[in-house]
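Each number in my numbering comes from the position in the sequence shown (counting from 1) with 598 added on.
All C-beta atoms, glycine included, are put in the ideal place defined by N, C-alpha and C.
The model shown is predicted, which means the values in this text are computed figures rather than measured ones.
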Amino acid sequence: MATLASMIVAFDADDTLWHNEDQFADTHRAFEALLAPWASADAVDRRLFETEMRNLSRYGYGAKSFMLSMTETAIEISDGEITGDRIGRILDLGRAILDRPIELLSDVPDVLDALAHHTLMLITKGDLHAQHARIAESGLADRFWRIEVVADKNRATYANLLERHGIATDEFVMVGNSMRSDVLPVIELGARGVHVPYHVTWAHEADHADHDHDVPRLERLGDLPDLIAEWT
Ligand SMILES: [Mg+2]
C-alpha cells in the first residue's frame with residue numbers, strides 16, 4: 599500500500615480501550631452457581647451460549663440481550679422451577695454489568711496522544727443507549743473525529759461507514775481485540791486491521807473463519823504508534 603502522511607485510525611471500544619469481557623466471565627461463574635441445583639457448570643455455559651446465538655438476530659449485542667438470554671436459559675434448565683428470587687439475582691448480575699464504572703486499559707490515553715496527528719475514530723457495536731453512555735463516561739469522546747455505534751461489525755458495515763465518511767480503504771486502519779469483528783472484515787475490504795487480543799474472548803468472537811491474511815498482532819496497545827509510524 600502507498601505511504602501516507604496520516605491515516606484514519608479507528609478503534610474498537612470494549613476490550614480494546616476499556617475492560618469488558620472479564621466481567622462477563624465473572625458473571626458466567628455466578629450464573630453457573632445460581633443454576634447449580636439443576637445442571638453442571640459446563641451444561642449451563644453450553645445452554646447459555648446456544649440461547650445467546652439463537653437470540654442474536656432478535657436482540658442484538660450487549661448486556662440487556664445477555665440478561666434476557668440468562669433468564670431464558672434459567673427457565674429452560676430448571677424446567678420452570680426457578681424462583682422469582684433467583685430471577686431477581688440474574689437481573690442483578692446484568693445490572694452490575696451495565697453499572698460497572700469504565701476502567702480504561704493501560705496505555706490508552708498515551709496511545710491516543712501519540713496518534714493525535716492522525717484522524718481517530720471509534721467504532722463499537724452493541725446497544726446504542728448503553729454504548730453512548732459508556733463512551734461519555736470514558737472521557738475519551740473528544741479524541742475522536744467520528745464515533746459510530748453499529749448493530750454489527752461485518753464487511754457491509756465497514757463498507758458503508760467508509761463510503762459515508764468518504765474514507766479510502768488505503769488510508770483506513772481498524773484496531774481491535776476481535777478478529778471476527780474488528781480485523782478480518784476490514785482486511786477483506788482492502789484496508790488494514792490490527793489485532794490486539796484481550797486476555798478473555800467471548801466464544802462468539804473467538805469463532806471466526808480460517809483465513810490466509812498476515813494480520814499484525816500486538817501484545818499491547820502501547821505498541822500501536824510504532825506500527826502506524828512504519829506505515830506513514
Ligand atoms: Mg471488542
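Where residue i sits in the DSSP three-state scheme
| i | result |
| --- | --- |
| Gly791 | strand |
| Ile745 | strand |
| Trp829 | helix |
| Arg687 | helix |
| Thr568 | The structure shown does not extend to residue 568, since the chain is modelled only from 599 through 830, so no value can be given for it. |
| Lys751 | coil |
| Asp799 | At residue 799 the sequence reads Thr, which differs from the Asp that was named. In this structure, Thr799 counts as coil in the three-state DSSP scheme. |
| Arg644 | helix |
| Arg818 | coil |
Sheet register partners of residue i (DSSP bridge)
| i | result |
| --- | --- |
| Met772 | Ala608 and Gly791 |
| Ile673 | BP columns for Ile673 are empty, so no partner. |
| Arg698 | Paired residues: none, contrary to the question. |
| Trp616 | Asp612 and Leu702 |
Between the CA atoms of residue j and residue i - distance to the nearest angstrom
| i | j | result |
| --- | --- | --- |
| Val794 | Thr755 | 21 Å |
| Asp821 | Asp705 | 9 Å |
| Ile745 | Val773 | 14 Å |
| Arg762 | Trp743 | 14 Å |
| Leu825 | His716 | 13 Å |
From the options, residue whose alpha carbon lies closest to that of residue i
| i | options | result |
| --- | --- | --- |
| Glu679 | Leu633, Leu691 and Leu602 | Leu633 |
| Ala801 | Val784, Ser779 and Ala712 | Ser779 |
| Leu689 | Asn758, His806, Phe629 and Val709 | Phe629 |
| Phe664 | Glu619, Ala827, Ala739 and Leu702 | Glu619 |
| His809 | Asn752, Pro635, Thr830 and Pro783 | Pro783 |
| Leu720 | Ser604, Ala608 and Leu602 | Ala608 |
heavy atom of ligand 1 below 6 Å from residue i C-beta
| i | result |
| --- | --- |
| Thr755 | no |
| Ser676 | no |
| Asp725 | no |
| Thr669 | no |
| Thr614 | yes |
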